Amino acid sequence: MAQKLNAVGKERQFWGTLPMASGPQLMEMGKQMEDTGFEGVFMLQLYGPPFAPLAAVACGTTHLKVASGVAVASTRSPFETAFAAMDLDRISEGRFVLGMGCSLPATTVGMHGLPNYKLMTHLRDTIGAVRHIVAGAHKGLQPYEGVYYKADYKEMIPTPPPVRERIPIWVGAQRDRMTQMGVEVGDGLLAHSLWTKRYTRDHIHPMVTETLKKHGRKREDIKISCWPWVAVHENRQQAIDDARPTVAYYAGMKAYQDLFEAHGYLDIAKICQEAAVRQSDVDSVLDKVPDEMVLDFVCCGSVDEVLEQIEPFWDYADMLCPMTPFRSLTLEQMQAYGAGIYQVVAAAKG
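Residue numbering for the sequence shown follows the numbering used here, beginning at 1 and increasing consecutively.
This is the structure:
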């Protein structure tokens with residue numbers, strides 16, 4: 001049987017995510033992912049920085065790539081981000097990818113206490129500064145004059161050469177402007193997990209194609225990673241029921257209203273939003289979230305069924321990073337669905 005290829009005619013790659021854990025546990029999980037056939041692993045930034053756990057994973061593996069997915073750009077100086085990236089690239093012997101994104105003011109202002117930056121402008125500034133620092137810190141840096149980040153480096157002593165003078169930067173995106181910026185300046189684009197097969201085909205793919213053309217880039221110039229929700233269970237209806245609270249949770253957040261509206265679920269999203277505001281919990285309106293809505297956003301069923309459902313993403317993606325439902329599930333259920341991702345990757349690689 002001919003090998004199935006990705007959107008650019010190369011080998012399909014699967015990435016995964018890891019939870020925070022002890023160093024030995026992270027090393028063990030990373031090795032298991034490597035042995036299963038994962039290409040790389042992302043560490044999310046929910047609150048704390050994502051870098052330290054990746055060092056443990058890198059030390060326990062030999063070829064598994066490690067990436068921040070994503071580091072919130074505005075929560076630290078671009079100078080610190082650049083050196084964190086160089087350190088991880090050295091620890092991993094050239095296997096690090098710097099994933100960066102904006103987050104939302106609720107996080108950057110409401111939790112980190114930062115000024116109310118124009119977050120996209122800040123991210124673009126950070127990407128330029130990080131590349132400048134990584135490429136030149138060992139040679140003697142010329143001054144950098146960005147919108148938010150300005151530095152003269154007058155007292156800086158040149159550092160040892162980095163493993164790579166250009167560490168890949170992948171941009172996490174949700175809305176159109178972030179997607180366009182990621183395609184313009186990034187080495188990769190990290191899709192939002194709510195980008196369904198239909199939305200990716202009808203909206204994202206044409207936008208990516210147009211943006212690449214506008215900036216004189218080729219499709220091969222960027223890596224595109226899609227992050228589909230998957231719920232692997234031999235009982236497909238059980239998978240749907242278990243995934244329903246996660247879909248309702250996102251539908252209850254106004255920040256994602258446009259995505260649900262694009263799929264024809266605006267009325268249901270508003271019901272979920274009202275429940276979230278009234279009760280801080282959308283579980284009371286799960287009966288308003290139909291199976292077809294869940295199946296639009298989550299690939300549910302057996303390993304073979306899930307593989308069939310994620311297949312259309314490969315028309316647009318270099319790699320997939322499957323995500324599991326998490327809302328209103330027990331630890332045992334989350335572990336079972338996490339194991340399902342390993343089964344999907346093993347089956348795809350086998």
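We put the CB at the ideal spot given by N, CA and C, even for glycine. These numbers were taken from a predicted model, which means no experiment stands behind them.
Distance from the CA atom of Ser-103 to the CA atom of Leu-119, rounded to whole angstroms, is 8 Å. Residue pairing by DSSP places Gln-13 opposite Met-319 in a beta bridge.
In the displayed model, Val-344 falls within a helix according to three-state DSSP. Distance from the Cα of Gly-182 is smallest, within the candidate group Ala-2, Thr-121, Tyr-199, Pro-49, for Thr-121.
Check the Cα spacing between Ala-71 and each of Leu-295, Gly-172, Lys-288: the tightest is with Gly-172.
Under the 10 Å beta carbon count, His-132 is surrounded by 16 or more other beta carbons and is classified as buried. When DSSP states are grouped into helix, strand and coil, Trp-229 belongs to the strand group. Sequence-distant Cβ neighbours of Asn-116 in its own chain, meaning closer than 7 Å and more than five residues away, are Pro-105, Val-109. Under DSSP, Tyr-144 forms a beta bridge with Ala-151. The closest CA to that of Tyr-265, considering only Ala-276, Pro-245, Val-294, Ser-284, is found on Val-294. The three-state reading of DSSP puts Leu-46 in coil, since its state is none of H, G, I, E or B.
In this structure, the CA atom of Thr-107 is about 46 Å from the CA atom of Ala-2.
Bridge pairing for Cys-300: Ala-231 [DSSP].
Per DSSP, Phe-51 has no beta-bridge partner at all. Between the segment 338 to 350 and the segment 223 to 231, the count of C-beta pairs closer than 8 Å reaches three or more; the two stretches touch. Separation of Glu-274 and Arg-76 (C-alpha to C-alpha, rounded to the nearest whole angstrom) is 35 Å. Your pair Ile-240 and Cys-300 checks out as a contact, with CB atoms roughly 5 Å apart and the cut at 8 Å. In the three-state scheme derived from DSSP, where H, G and I count as helix and E and B as strand, Lys-223 is classed as strand. With 16 or more neighbouring CB atoms inside 10 Å of its own CB, Thr-61 falls in the buried class. DSSP places Leu-98 in no alpha helix (DSSP H) but in the uninterrupted beta strand (DSSP E) bounded by 96 to 101. When C-beta atoms of the segment 15 to 23 are compared with those of the segment 45 to 58, three or more pairs fall below 8 Å, so the two segments count as touching. Per DSSP, the beta bridge partners of Leu-190 are Gly-172, Ser-225.
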